[in-house]
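Engineer:
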Amino acid sequence: MIVACGANWVPLVLYKSGCGLREFLGDRLLVENKNVGHNMSGDTGAAGAEAYFADPIDDNIDVRGAEPYASVYPRPWPDLSIFTGKGVPY
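If you count the sequence shown from 1, position 86 lands on 778 in the numbering used here, and the numbers rise without skipping.
(1) State yes or no: is the C-beta of residue 702 within less than 8 Å of the C-beta of residue 711?
(2) Using DSSP bridges, identify the partner residues of residue 711.
(3) Use the C-beta contact count for residue 727: other C-beta atoms within 10 angstroms, 16 or more gives buried, fewer gives exposed.
(4) With burial defined as no fewer than 16 other Cβ atoms inside 10 Å of the residue's Cβ, what is the status of residue 758: buried or exposed?
(5) Look at the alpha carbon of residue 718 and the alpha carbon of residue 730, and state the distance between them as a whole number of angstroms.
(6) Taking residue 714 and residue 704 to be in contact with their CB atoms under 8 Å, please state how far apart those CB atoms are, rounded to whole angstroms.
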């Protein structure tokens, strides 16, 4: 399977498609793959902030693209960079 939509969006597309960790997707799992979201690389911080959010993002904060993968339990990525696109200081 090849998905080419940038380092930030590939894990999100795969998770929404049902491909990823059983512990994260639960009954939405179609294909178990423990590599989804791991070993990512790419130029993600060209125009904004990068951070891992330990707690869920507040819905009142205007952060474009902060889908549920920004903070999940169990944490699927040990060292995840999230590009907010807004330069939010987290």
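Think of the CB as a built atom: it goes at the ideal place given N, C-alpha and C, for glycine as much as any other residue.
Structural biologist: Result, derived from the coordinates:
(1) The residue given as residue 702 occupies position 10 in the sequence shown. The residue given as residue 711 occupies position 19 in the sequence shown. Annotated as distal: residue 702 and residue 711, with beta-carbon spacing of 8 Å or more.
(2) Reading the sequence shown from its first residue, position 19 is the one you call residue 711. Per DSSP, 723.
(3) In the sequence shown, counting from the first residue as 1, residue 727 sits at position 35. Residue 727 counts as exposed, since fewer than 16 other C-beta atoms from the protein chains shown sit within 10 angstroms of its C-beta.
(4) If you number the sequence shown from 1, residue 758 lands on position 66. Summary for residue 758: the model assigns pLDDT 47, below 50, so the residue's position carries little reliability; its value from the coordinates is reported in the next sentence. Classification for residue 758: buried.
(5) Taking the sequence shown and counting its residues from 1, the one referred to as residue 718 is at position 26. Taking the sequence shown and counting its residues from 1, the one referred to as residue 730 is at position 38. As the crow flies, the alpha-carbon of residue 718 is around 19 Å from that of residue 730.
(6) Translated into positions along the sequence shown, residue 714 becomes position 22. Translated into positions along the sequence shown, residue 704 becomes position 12. The beta carbons of residue 714 and residue 704 sit about 18 Å from each other, so the pair does not count as a contact at 8 Å.
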